[in-house]
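To keep things clear, I will list the structure first and then write my remarks on it.
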Amino acid sequence: MILEVQHETFLEYSEPVTESVAEVRMEPVSDDDQSCCSFHLAIGPQTPMFRYTDGFGNRVHHYTLVPPHAQTRVLAASVVETHPKPRDLASSRATYPLNLDTADLEVLGFLQMRGPVRHTPLLQPLLAAVRPSNGMRISDFVLQVCHYINGHFTYAKAVTAASSPIDDVLEKGKGVCQDFAHLMIAVLRSYGIPARYVSGYIHRANKESQSHAWCEVWLPDRGWIGFDPTHDQVVTETFVKVAFGRDFTDVTPNRGIYRGQATETISVRVATRALEKLPKLSWQEQLPTLDVPLTTVLCNTNHLDDHSDEQVDRQQQQQQQQ
Amino acid sequence: MLSRVADALFWMSRYLERAEHLARLLDVSFHLELDLRGVSARPAEQLAHSLSVILQQPTPELNGHASGPLAGLGHWFTFEASNPACIMGCLTRARMNARGVRGNISSAMWRELNKLYWQLKDPEFASRASESPHDFYQAVECGSLLFQGVCDATMTRDEGWQFIQLGKYLERADKTLRILDVRYHMLQNLQNPMDLPLSNLQWAAVLRSCRAYEAYQRTYVGRVDPERVVEFLLLHESFPRSVRFCLEQSARALAAIEADADQNARQADRLLGRVISDLKFVEHDQLQPGRLHEFLGGLLDRCTRASVALQSQYALR
Amino acid sequence: MSETVLDAPTVNGYFKGYAQREAYDEMFDRDMRPRPHYEVLYQRLQGLPPEEFRRRKAMTDLSMLQEGVGFTVYRQEEGIERVWPMDPVPRIIPASEWKIIESGLVQRLTTLNLFLKDLYHDQFILRDRIIDPRLIYEGGYFRREFMGAKVPRDIYVHICGTDLIRDENGQYLVLEDNCRTPSGVSYMLTNRQVLKRVFPLIFEQYGVRATDDYPAALLDVLKYIAPRGNPDPTVVLLTPGIYNSAYFEHSYLAMRMGINLVEGRDLVVDQNCVWMRTTRGLRRVDVIYRRIDDDFLDPLTFRSDSMLGVPGLVNVYRAGQVALANSIGTGIADDKGIYPFVPDMIRYYLKQEPILASVETFRPVVKSQLSHILANLDKLVVKTVNESGGYGMLIGPASTAAQQAEFADKVRAHPRDFIAQPTVPLSQHPTYVDGQLEGRHVDLRPFILCGEKITVVPGALTRVALPRGSLVVNSSQGGGSKDTWVLADDGEKVS
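Chains as they are written, first to last, in the numbering used here: chain A, 9 to 330; chain B, 854 to 1170; chain C, 7 to 501.
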């Protein structure tokens, strides 16, 4: 399937800010399951863009905007051909418990509870509800976990936050795709099954497109396979994978910091469309120019921003002495 | 030089100068108050009011203080923790600024400032402040003067030193202007010949709060004449606390900082230059009672603007 | 550790009642004869009238105060500077001993840098299962997100402070490496300045090697890693600020190197470069000697609530447009959970045997060792792997049953977070206490620099536990320090 994705982020500040420093993870990966045919990124106000590959192999773009500005617009456009390899879960022979002593290093880094995917007493009832028996096929178990989470948690926006640990979704019973993915990862890792977090997009015909998150599970004889607990399914050709990591904090699509006391309003627009063939002229060539004008104001030179002196003092002392 | 360092040096110097000035002002005021007992009505309230105006602080609440309004006043302007502009508040901030840039000042400077701080912090010494305020205020003034002396004797005349001078002289000019403005306003109605001794006393106090009494006496003989006081404190070419002298020193420091700099926006420079020439070529009638307040107010405003311009020019805080 | 005083001949004067226990004594052999390299010091001290000795001790304290050698103890509103007490009796290390220490430290830092490079790139050591990869991935200081990033000249640890102790037989053991932001070198340097004033004549009689070159050597290292081989780079020292307990050291080193001491807010990232805000506008920065932990270094990459760091700094570092010392993610090399594997690393990377021995270490993650630890909590020292500063530690012989039970629970719940070691009776050294000289436990922290080559400054910080019998030498917990003399020879021929 050939999918075209446009992802626009609009940041607006209640008053001009300076020294915005940001990095975005929006460039889709090319791997066994998909090929990224083209990717374009534009930012306004105009500023040089830099790129690096992070420790997981994700492509990261970053930029700075030093002069005062009251708004920033980031537009990412890509064309991706998805060609997922056959899943063939039915014939996977891996059984619980997994023996990982000789497993690939890549795999062993996705077993640890950390960040939002953390040990919490709230997880115990869920672990009691879904428990693999010895000799159970991992693929069956994973599908069971996926199904269970989908059935026992409600999809609802604005209940949890981007920085929420799994405690929040466990407590409230509601959350978004990110929480569902974290939850599934937590369960699998608790049973020694490697699982990682994926961010990307999902294309749904005649429905609003959106940024999405799911997880990938490692089966010794099948490699990494994507599961989407939000929709209770194995990922298909309608999923576009952008980045993966241990959890959300590794793959935040848009992360930034600015200097100033303004409040930031973020609006995001994602559009996807399926194409018959690889386009000659794609969205990015039709992109409107992104010249958000620079606002000319006096530099706000308040260095302390909204942090109190005591907070700074505390951090200064907190530095470990070796 | 790092902007933060320049900023810290500037404010270290300014706060110390402010503390010194405050100490002298309080010392002189309390002396004066003793002289004025029985002459004027409610001197403590008057004093509180005029100090508040000069220092741009809210008038202190004095009712609660057990040992009389004057002790309360002294405490408020000297130690009161809730009044960040009190002497100890200024000294604390001077020291904090110095501490952040210890590598940029001489160790002797740090030592003097540190010593002064701990001396005044000493509860025993501080308790003497209420019994013998003079000793206490004297210690503050001496400490500040000692610091300045050590600074001049041990520091290279680099950019840092120039920022210290800027802080000191801008603060000094500002304070002299405020004293003149407030006092002149209050003493205007002492025109009656009957009030002459009182007027003399009051104007001498104005001079004393700028450590200018002796210098004035050496220049002019006889009673203290308000017009001459104004002229002396505003326009004297070489008295180190006259407004003109302070501003000229500030301009010199600024010029030294910018000597090898590629600065287009020299707003602080221009503002200072204009104020100085206004002082140099002042029309006599601008200093007349009816217009003086307006003239001083204009000067104060422009000094503040110069200081603000300076900070944005060097990306100080 | 037993408190039984060995049956040894006593000595008069300052050493009257001087007690030797099972610990190795730096100055005396078991028969209370001064070791050859201490002979001169011993005679000199004995010849010093008590009043004079007291005066010299007071002089030491005063000098430290005047040098402004303080660490900050924090209290609401204002930091209070306290002086870290310095003992006037120097510790002496003869040349032959130092030679072993030096070569052992060079071997160790060479290895740790090879290990870090391997870990953040090919991970051969994990592939070959010399170290269990899970141990690394569970380590709090491993920076997975930094994998694959190239660092200048492949050096990760430029400044290392390694803590050595001596066992009952006087053998030097590595207790731990400090590969993140080791501190204490300013004490090493100022202690020497003070002691030369206090005991000039004794000093003169020994051929003591100078330490004063350290700041210059450090600056050479920092310049060596400058981007694009810039021969005249702008180097700065990044401090958390004046409330940090090591602020004195930061400002001292910056001053001695003649470089700017900056805080996070002095720096700004733009165009993939780091700049500092000066009165003349923005100036490019090439090398940053940072004394801020990884977590706080860059709010964009690490802890987003950090107010001390520089947003975007890590990306500039990644791009090779600025150099950092030490590099990012070095904490995994001094992780106490990794410590037991350093000898294996030395064999793996260098095909050599370790020159310096390590302290025997038990790891609760290994089932058999866990039971050994739990059965011997009253004899072992249990340490948290991710903390430094002497906190989060159980000293078995000095602990209560309740404390042992608490640690047993902790160790069972989080085996990866702990290690256990036998209680090594740190060597003791005569120390001035109330007009007498008494034995107090000491350790040794030499500083190792890695630039074009690895050098060990001929000197060290000797930390001394001042309370009688205490084994904790940390400054925050009642420790003091001593000047440490590394001799140009074995100190036997001086007269």
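Positions of the beta carbon are idealized from the N, C-alpha and C atoms, including for glycine.
{"Item": "Enclosing alpha helix (DSSP H) for Val417/C [first to last residue]", "Value": "Ala407 to Ala419"}
{"Item": "Boundaries of the alpha helix (DSSP H) in which Met263/C is found, first to last residue", "Value": "Tyr253 to Met263"}
{"Item": "DSSP state of Ala919/B mapped onto helix, strand, coil", "Value": "Interpretation of Ala919/B is limited by its pLDDT of 48, a score under 50 that renders its predicted location unreliable; no figure is taken from the coordinates."}
{"Item": "Pairwise C-alpha distance: Ile137/C and Gly110/C", "Value": "22 Å"}
{"Item": "C-alpha distance - Pro56/A paired with Asp860/B, whole-angstrom precision", "Value": "32 Å"}
{"Item": "Under 8 Å between C-beta atoms of Ile335/A and Val29/A", "Value": "Beyond the ends of chain A as shown, which are 9 and 330, falls residue 335/A; an answer cannot be given."}
{"Item": "Test: Glu3/A CB closer than 8 Å to a CB of chain C", "Value": "Nothing in the structure corresponds to residue 3/A, since chain A is present only between 9 and 330."}
{"Item": "Residues that Met92/C bridges to, as DSSP identifies them", "Value": "Ser487/C"}
{"Item": "Neighbour-count burial assignment, Arg101/A, 16 or more Cβ in a 10 Å radius", "Value": "exposed"}
{"Item": "Residues near Arg33/A in its chain [Cβ-Cβ closer than 6 Å; skip 5 each side]", "Value": "Asn66, Val68, Ala251, Val259 and Pro261"}
{"Item": "For Asp169/C, the residue or residues it bridges with in DSSP", "Value": "Glu182/C"}
{"Item": "Proximity test, Cβ basis, 8 Å: Phe121/C and chain A", "Value": "no"}
{"Item": "Any C-beta of chain A under 8 Å from that of Arg81/C", "Value": "Because the pLDDT of Arg81/C is 39, which lies under 50, any placement of that residue in the model is unreliable, and the question is left without a value."}
{"Item": "Contact set for Leu115/C: own chain, Cβ-Cβ below 6 Å, skip 5 residues either direction", "Value": "Cys166, Ile454, Cys456 and Ile460"}
{"Item": "Where Ala164/A sits in the DSSP three-state scheme", "Value": "coil"}
{"Item": "Burial state of Arg203/C (16 or more Cβ within 10 Å)", "Value": "exposed"}
{"Item": "Nearest-angstrom Cα separation, counted from Asp1122/B out to Ala1168/B", "Value": "15 Å"}
{"Item": "Cβ-based neighbour list, Thr246/A, same chain, cut-off 8 Å, excluding 5 preceding and 5 following", "Value": "Met9, Leu11, Thr90, Ile210, His211 and Arg212"}
{"Item": "Residue interval of the beta strand (DSSP E) (run including Ser28/A)", "Value": "Ile10 to Val32"}
{"Item": "Best match in Gly497/C, Met65/C, Leu467/C and Leu477/C for proximity to Thr490/C [C-alpha to C-alpha]", "Value": "Leu467/C"}
{"Item": "Cβ pair count under 8 Å reaching 3, the region 859-876 of chain B against the region 294-308 of chain C", "Value": "no"}
{"Item": "Buried versus exposed, by CB contacts within 10 Å (16 or more), Trp222/A", "Value": "buried"}
{"Item": "Endpoints, the beta strand (DSSP E) within which His378/C is located", "Value": "Per DSSP, His378/C belongs to no beta strand (DSSP E); it is in the alpha helix (DSSP H), Lys373 to Ala381."}
{"Item": "Interface residues of the region 238-255 of chain C facing chain B [CB-CB below 7 Å]", "Value": "Ile248"}
{"Item": "Run of the alpha helix (DSSP H) containing Phe256/A, from where it starts to where it stops", "Value": "Phe256 to Val259"}
{"Item": "Cα-Cα separation, Cys185/A to Phe235/A", "Value": "12 Å"}
{"Item": "Whole runs of the alpha helix (DSSP H) within the region 1054-1079 of chain B, excluding any shorter than 4 residues", "Value": "1066-1072"}
{"Item": "is_contact[Ala1104/B, chain C] using C-beta, thresh 8 Å", "Value": "no"}
{"Item": "Cross-chain neighbours of Pro335/A in chain C, by beta carbon under 7 Å", "Value": "With chain A covering 9 to 330 only, the question about residue 335/A has no answer from this structure."}
{"Item": "Separation of Asn382/C from Phe21/C, as counted between CA atoms", "Value": "36 Å"}
{"Item": "Partner residues on chain C for Gln79/A, Cβ-Cβ distance less than 8 Å", "Value": "What Gln79/A touches in chain C: nothing, since even the nearest Cβ is about 19 Å away."}
{"Item": "4-residue-minimum alpha helix (DSSP H) runs that sit fully inside the region 223-287 of chain A, ordered along the chain", "Value": "256-259"}
{"Item": "Leu122/C, enclosing alpha helix (DSSP H) - first and last residue", "Value": "Ala101 to Leu125"}
{"Item": "Within-8 Å CB hit, Met153/C to chain A", "Value": "yes"}
{"Item": "Exposure of Trp1014/B, with buried meaning 16 or more beta-carbon neighbours within 10 Å", "Value": "buried"}
{"Item": "Tyr44/C beta carbon less than 8 Å from that of Asp173/C", "Value": "no"}
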